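Student:
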């Protein structure tokens with residue numbers, strides 16, 4: 321192998337590591353037997369200490385699901401209508417029967433999301449931002465779980481490489497800024513992408529994707 | 003040498019295509035960030051409304067499909083301002099474009115068409 325082909329080989333490894341799919345394939349038998357066309361995202365359960373996390377997260381979830389080829393019910397409208405019906409408590413909605421939501425909205429499936437972590441921690445002159453989520457899709461016809469996924473995304477700003485006192489101060493400033501106003505949105509987007517778009521564990525193509533029902537080899 | 007370069011380039015291309023997110027199916031305009039901004043600051047409802055209208059306008063102009071939920075979200079904001087007739091029109095458009103929404107839209111059309119005191123949604127009409 322000369323140097324160039326070695327280089328090519330290595331970049332191939334690096335790239336495939338960057339988008340590697342998780343080893344074990346999810347069980348899609350329930351999902352396939354129903355082939356849902358539409359997804360209703362209900363208000364998100366919050367186990368983090370950030371009271372705004374569920375709303376902020378809600379603003380990120382509709383587009384990736386629709387881009388995957390599903391009809392996604394209008395998330396903000398659904399949230400408001402549920403609240404008007406006395407269902408603003410996400411714990412109550414999650415504990416309820418998905419079939420009831422199926423009757424109310426005419427959806428095929430319901431997506432339940434729980435925020436496990438949504439925080440920024442300042443340790444040793446660096447801030448680590450963490451977003452951890454559990455996703456579950458249940459059938460609105462049978463109530464059975466069709467799919468689930470777990471995502472943990474951690475972001476730690478690049479340490480300054482300059483070293484010495486100047487490097488320490490630079491790191492402290494970066495960390496302080498991240499701590500003061502941590503930006504969770506890129507992490508939420510990354511988590512959604514990791515949950516939905518990874519072959520073998522993500523969501524099969526929806527009815528508005530040309531591969532609908534034809535991607536059984538991958539999902 | 004040039005063959006190798008070509009090989010590398012094509013290997014990279016293939017891989018990038020394999021894991022890159024595909025081209026967007028719909029033009030969402032600024033829907034996500036506007037919804038986020040509104041949740042962060044409810045005073046930004048006007049901006050959210052404008053961004054939803056812009057998504058619909060852009061799709062109309064480009065003969066493209068309005069993404070799922072956008073007619074309905076916009077219609078709901080109209081309804082909250084008491085513009086129930088505009089809301090009903092938008093709910094009907096959602097239903098026409100996306101038959102999956104029929105049950106929900108029919109229910110909302112009924113609510114929006116009922117004179118003050120409709121059950122599911124408080125009427126913002128004066």
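Chains as they are written, first to last, in this note's numbering: chain A, 321 to 539; chain B, 3 to 128. Glycine is no exception: its CB is placed at the ideal position from the N, C-alpha and C atoms. Please read these numbers as outputs of a predicted model, since none were measured by experiment.
Is it a yes or a no for the region 43-50 of chain B touching the region 357-371 of chain A, going by three-plus beta-carbon pairs under 8 Å?
Tutor: The region 43-50 of chain B is not in contact with the region 357-371 of chain A.
Student: Going along the chain, which residues of the region 402-432 of chain A sit with their C-beta nearer than 7 Å to a C-beta in chain B?
Tutor: Per Cβ criterion, the list reads 404, 405, 425, 426.
Student: Listing by chain order, which chain A residues have their CB less than 7 Å from the CB of residue 91/B?
Tutor: Neighbours of residue 91/B on chain A: none; closest Cβ ~15 Å, over 7 Å.
Student: Would you call residue 458/A buried or exposed, if buried means 16 or more other Cβ atoms sit within 10 Å of its Cβ?
Tutor: Burial call: buried.
Student: Buried or exposed: which applies to residue 86/B, given that a residue is buried once 16 or more other Cβ atoms fall within 10 Å of its Cβ?
Tutor: Answer is buried; the Cβ neighbour count reaches 16.
Student: Is the number of C-beta pairs between the region 370-388 of chain A and the region 344-357 of chain A that are closer than 8 Å three or more?
Tutor: Verdict: no, contact absent.
Student: Per the contact definition of three or more C-beta pairs closer than 8 Å, is the region 389-405 of chain A in contact with the region 432-445 of chain A?
Tutor: The region 432-445 of chain A, when compared against the region 389-405 of chain A, does not touch it at the 8 Å Cβ threshold.
Student: Should residue 23/B be flagged as near chain A, meaning a C-beta pair shorter than 8 Å?
Tutor: With a pLDDT of 49 at residue 23/B, under the threshold of 50, the modelled position of this residue cannot be trusted, and the question is left open.
Student: Let me know if residue 512/A comes out buried or exposed under the rule of 16 or more other beta-carbons within 10 Å of its beta-carbon.
Tutor: Residue 512/A is buried by the Cβ-count criterion.
Student: Quick one: any contact between the region 439-451 of chain A and the region 407-427 of chain A, if contact means 3 or more CB pairs under 8 Å?
Tutor: No, the region 439-451 of chain A does not touch the region 407-427 of chain A.
Student: Quick check on residue 465/A: does DSSP put it in helix, strand or coil?
Tutor: The answer is strand: DSSP assigns residue 465/A an E or B state.
Student: For the region 352-363 of chain A, list every residue whose C-beta sits within 9 Å of some C-beta in chain B, in sequence order.
Tutor: Flagged, chain order: 357, 358, 360.
Student: Which same chain residues end up closer than 7 Å to residue 23/B when comparing Cβ atoms and leaving out the 5 residues on each side of it in sequence?
Tutor: Because the pLDDT of residue 23/B is 49, which lies under 50, any placement of that residue in the model is unreliable, and the number read from its coordinates should be weighed accordingly. No residues qualify anywhere along the chain.
Student: Residue ranges of each beta strand (DSSP E) run of no fewer than 3 residues wholly in the region 88-118 of chain B, ordered along the chain?
Tutor: List check, beta strand (DSSP E) in window: nothing returned.
Student: Alpha carbon to alpha carbon, how far is residue 539/A from residue 102/B? Give it in angstroms, no decimals.
Tutor: Whole-angstrom Cα-Cα distance: 23 Å.
Student: Which bits of chain B does residue 491/A rub up against, with CB to CB less than 7 Å?
Tutor: Near residue 491/A there are no residues of chain B at all, since even the closest Cβ is about 28 Å away, more than 7 Å.
Student: When you compare only the Cα positions, how much space is there between residue 488/A and residue 450/A?
Tutor: So the alpha carbons of these two residues sit roughly 22 Å apart.
Student: Any idea which residues DSSP pairs residue 470/A with across the strands?
Tutor: The partner list for residue 470/A (beta bridge, DSSP) reads 454/A.
Student: Is there a Cβ from chain A that is less than 8 Å from the Cβ of residue 74/B?
Tutor: True, the Cβ-Cβ gap to chain A drops below 8 Å.
Student: Does residue 498/A have its Cβ less than 8 Å from a Cβ in chain B?
Tutor: Chain B, which has no Cβ nearer than 8 Å to the Cβ of residue 498/A, makes this no.
Student: Check the Cβ-Cβ distances between residue 29/B and every residue of chain A, and say whether any is below 8 Å.
Tutor: Not closer than 8 Å to any Cβ of chain A, the Cβ of residue 29/B fails to qualify, so no.
Student: Quick one, which residues of the region 382-403 of chain A are near chain B if we go by CB-CB under 9 Å, in chain order?
Tutor: Listed by position, the residues of the region 382-403 of chain A near chain B (Cβ gap below 9 Å) are 382, 383, 384, 385, 386, 387, 388, 389, 390, 391, 392, 393, 394, 395, 396, 397, 398, 400, 401.
Student: In this structure, what does DSSP give as the bridge partners for residue 51/B?
Tutor: According to DSSP, residue 51/B bridges with nothing at all.
Student: Does chain A have any CB closer than 8 Å to the CB of residue 69/B?
Tutor: True, the Cβ-Cβ gap to chain A drops below 8 Å.
Student: Within the same chain, show all residues whose beta-carbon is closer than 6 Å to that of residue 514/A, passing over the 5 residues directly before and after it, in chain order.
Tutor: 471.
Student: Where are the beta strand (DSSP E) runs, 3 residues long or more, that stay fully inside the region 342-396 of chain A, in chain order?
Tutor: Counting whole runs of 3 or more residues, the region 342-396 of chain A contains the beta strand (DSSP E) stretches 358-361.
Student: Is the distance from the Cβ of residue 474/A to the Cβ of residue 448/A below 8 Å?
Tutor: The answer is yes: Cβ separation under 8 Å.
Student: Taking DSSP as the reference, what is the three-state secondary structure of residue 40/B?
Tutor: Looking at residue 40/B - three-state DSSP - the assignment turns out to be helix.
Student: Thinking C-alpha only, which one of 91/B, 99/B, 97/B is nearest residue 115/B?
Tutor: When each option's Cα is compared against that of residue 115/B, the closest is 91/B.
Student: Starting from residue 435/A and walking both ways along the alpha helix (DSSP H), at which residues does that stretch end?
Tutor: Unbroken run through residue 435/A is the beta strand (DSSP E), 429-443; no alpha helix (DSSP H).
Student: Let's see if you can read the secondary structure: which residues bound the alpha helix (DSSP H) around residue 77/B?
Tutor: That run of the alpha helix (DSSP H) goes 72-82.
Student: Within this structure, are the beta carbons of residue 526/A and residue 352/A separated by less than 8 Å?
Tutor: No.
Student: If we ignore side chains and look at the alpha-carbon of each, how far apart do residue 104/B and residue 84/B end up?
Tutor: Approximately 22 Å, taken between the alpha carbons.
Student: Residue 428/A: buried (16+ other C-beta within 10 angstroms of its C-beta) or exposed?
Tutor: Classification of residue 428/A: buried, given that the 10 Å Cβ count is 16 or more.
Student: Assuming residue 383/A and residue 34/B form a contact by the criterion Cβ under 8 Å, report the distance between their Cβ atoms to the nearest whole angstrom.
Tutor: Yes, residue 383/A and residue 34/B are in contact; Cβ-Cβ is about 6 Å, under 8 Å.
Student: Return no unless some Cβ of chain B is closer than 8 Å to the Cβ of residue 380/A.
Tutor: Taking Cβ atoms only, chain B reaches closer than 8 Å to residue 380/A, which makes this a yes.
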